[in-house]
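Here is the structure we will look at, set down as structure tokens.
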Amino acid sequence: MICDPFKPSTAIIDFRKRFTRLFQPGRQVTASAFADAIAGLNTCVEMAREYEDEMMVLESMLLLNQPRVVYGADFVSEAVSPTPPPALRLVVSNRGERA
């Protein structure tokens, strides 16, 4: 599977690798390395927000609210009550027996 560099999941995986490498037990962390870790976290958050916004726009484009088609109406916007389904009847022959 090809890794998409613009997906938030890819950025989070990269951040997690850098974070575990940087903050190993017994290792001293410099201020610049700590600032780099915070910047990476902020990048992940922003990528996730942008990705969520893009997915919402894409979903709204794909799932357009289409008008409901009512058969028997001249116009779609015309309010027509749908015809109820026919009542079930028992069909009998001429002599009154069930067919």
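At position 70 of the sequence shown (counting the first as 1) the number is 301 in the working numbering, and the numbers step up by one without a gap.
Every residue gets a Cβ at the ideal spot worked out from N, C-alpha and C, and that includes glycine.
{"Asked": "Inter-residue spacing [alpha-carbon to alpha-carbon] between Met287 and Lys248", "Found": "29 Å"}
{"Asked": "Burial state of Ala270, where buried means 16 or more other Cβ atoms lie within 10 Å", "Found": "exposed"}
{"Asked": "CB-CB length for Ala264 against Leu253, believed under 8 Å", "Found": "6 Å"}
{"Asked": "Separation of Glu277 from Pro239, as counted between CA atoms", "Found": "9 Å"}
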